[in-house]
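In the order they appear, the protein sequences are chains A and B. In this text, residue positions in the first sequence follow this note's numbering: the first is 1, and each later residue adds one. In this text, residue positions in the second sequence follow this note's numbering: the first is 1001, and each later residue adds one.
There are 2 protein chains.
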Amino acid sequence: MTEQRRTLGALLRLPHDALQREIYGSLAARGFPEIRPAHSAVFRHIGLHGSRLTTLAERAGMTKQSMAYLVDGLAAAGHVTSTPDPDDGRARIVRLTPKGERVLAELLALSAEAEARVAARIGDRRAARLRRYLEQWVAALEAG
Amino acid sequence: MTEQRRTLGALLRLPHDALQREIYGSLAARGFPEIRPAHSAVFRHIGLHGSRLTTLAERAGMTKQSMAYLVDGLAAAGHVTSTPDPDDGRARIVRLTPKGERVLAELLALSAEAEARVAARIGDRRAARLRRYLEQWVAALEAG
DNA sequence: TATTGCTCGACAGAGAGACTGACGATCTGT
DNA sequence: ACAGATCGTCAGTCTCTCTGTCGAGCAATA
């Protein structure tokens, strides 16, 4: 059983990858096989009434070009629309379609279900603490 | 301050990415800019006396071709060698060079340093619990 | 021993997802 | 009115992963 010590990086990556497989596997089974993990950058950051491409890119921490690539894919599959901004001739507003909103809802639900399964495996208390510590870590990161 | 609830996936991904940036940034600063995160799949799984390509691929959960791509890069930069297996004419044994061993040592050291910084930010006790809960999660994953 | 089937690693090709650089169109502040 | 900043796009590149195919070598058996 000589448990070799894993790096913290690996301890984050392994559960993350498992979570991702679960969630996007279920999403595919529920009728959205075209949604890939990278698309979550759009769903996570898009506003209720739409957002600019540049805003999305900024929030997701990626280039406009990369975000455009993701948005194009989602637009082709009918999950978002991209319409001209009436207030700015250069800009376009990306909005979720009803189909896209269903996907977002599914993603949030699947995420919650996955978290509940984790709680079932390691215990409610521990799962709650795990979340809290991660939140604190993230807060520290964001503080600088 | 309307803290919106993040998914557990995001709470794993954000610290993971930050950790990765820290570690590979420092590694570059210490003279190994050619080592990229994907290469850790090799360093993490290679045995003390070398391993077969197929074994590495299996352990890393990727195809032989993908592992060969990573190994080729490391071999070109002098971090590993790939020599014929005397016991099996088909196989080749991938081994760390002294340079590769230095990289492995740096990676482990940088990982430990990063973990210590986390402990400094969220507290020793919490960091220890965080690691323990993640280990339990991973153990549960491996159990099936 | 000869054959049959499996395994090892390589070759070729593809695709996702990120990047940089350059650019025309448009907005904004002076 | 103009200079400079910003919006999104076009074109090209790179990393990292995948599939499919294949020749060479190993192992078990008829």
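We put the beta carbon where it would ideally sit given N, CA and C, even for glycine.
Any chain B beta carbon closer than 8 Å to residue i
{"i": "residue 20 of chain A", "result": "yes"}
{"i": "residue 90 of chain A", "result": "no"}
Closer than 8 Å to chain A by CB, residue i
{"i": "residue 1002 of chain B", "result": "No answer about residue 1002 of chain B holds up, because its pLDDT of 49 lies below 50 and its placement is not dependable."}
{"i": "residue 1102 of chain B", "result": "no"}
{"i": "residue 1130 of chain B", "result": "yes"}
{"i": "residue 1042 of chain B", "result": "no"}
{"i": "residue 1095 of chain B", "result": "no"}
Distance between beta carbons of residue j and residue i, contact taken as under 8 Å
{"i": "residue 1019 of chain B", "j": "residue 138 of chain A", "result": "Contact flag wrong, Cβ pair sits at about 12 Å."}
{"i": "residue 104 of chain A", "j": "residue 80 of chain A", "result": "Contact flag wrong, Cβ pair sits at about 10 Å."}
{"i": "residue 1111 of chain B", "j": "residue 7 of chain A", "result": "4 Å"}
{"i": "residue 23 of chain A", "j": "residue 107 of chain A", "result": "7 Å"}
{"i": "residue 1013 of chain B", "j": "residue 39 of chain A", "result": "Actually they are not in contact, since the Cβ atoms of residue 1013 of chain B and residue 39 of chain A sit about 14 Å apart, beyond 8 Å."}
{"i": "residue 1133 of chain B", "j": "residue 129 of chain A", "result": "7 Å"}
{"i": "residue 127 of chain A", "j": "residue 114 of chain A", "result": "Actually they do not touch by this definition, with Cβ atoms about 11 Å apart."}
{"i": "residue 1034 of chain B", "j": "residue 1075 of chain B", "result": "Contact doesn't hold; Cβ gap of about 12 Å is too wide."}
7 Å Cβ cut-off: residues of chain A touching residue i
{"i": "residue 1122 of chain B", "result": "133, 136, 137 and 140"}
{"i": "residue 1059 of chain B", "result": "Ordered by position in chain A, no residue passes the 7 Å Cβ test against residue 1059 of chain B, which lies about 12 Å from the chain."}
{"i": "residue 1052 of chain B", "result": "In chain order: nothing, as chain A lies at least about 20 Å away."}
Neighbour list for residue i in chain B, Cβ cutoff strictly below 8 Å
{"i": "residue 63 of chain A", "result": "Here the premise fails: no neighbours, minimum Cβ distance about 16 Å."}
{"i": "residue 115 of chain A", "result": "1007 and 1008"}
Under 7 Å by beta carbon: chain B residues contacting residue i
{"i": "residue 111 of chain A", "result": "1007, 1008 and 1009"}
Chain-ordered neighbours of residue i on chain B, where CB pairs are closer than 9 Å
{"i": "residue 118 of chain A", "result": "1008, 1137 and 1140"}
* Please specify which runs of the alpha helix (DSSP H), each continuous and at least 4 residues long, are wholly inside the stretch 13-77 of chain A, giving them in chain order. => 40-45, 53-60 and 64-76
* Asked: According to a CB-to-CB cut-off of less than 8 Å, which residues of the stretch 1006-1038 of chain B neighbour chain A?
  -> 1006, 1007, 1008, 1009, 1010, 1011, 1012, 1013, 1014, 1015, 1016, 1018, 1019, 1020 and 1023
* Hey, which unbroken runs of the alpha helix (DSSP H) at 4 residues or more fall wholly within the stretch 108-138 of chain A? -> none
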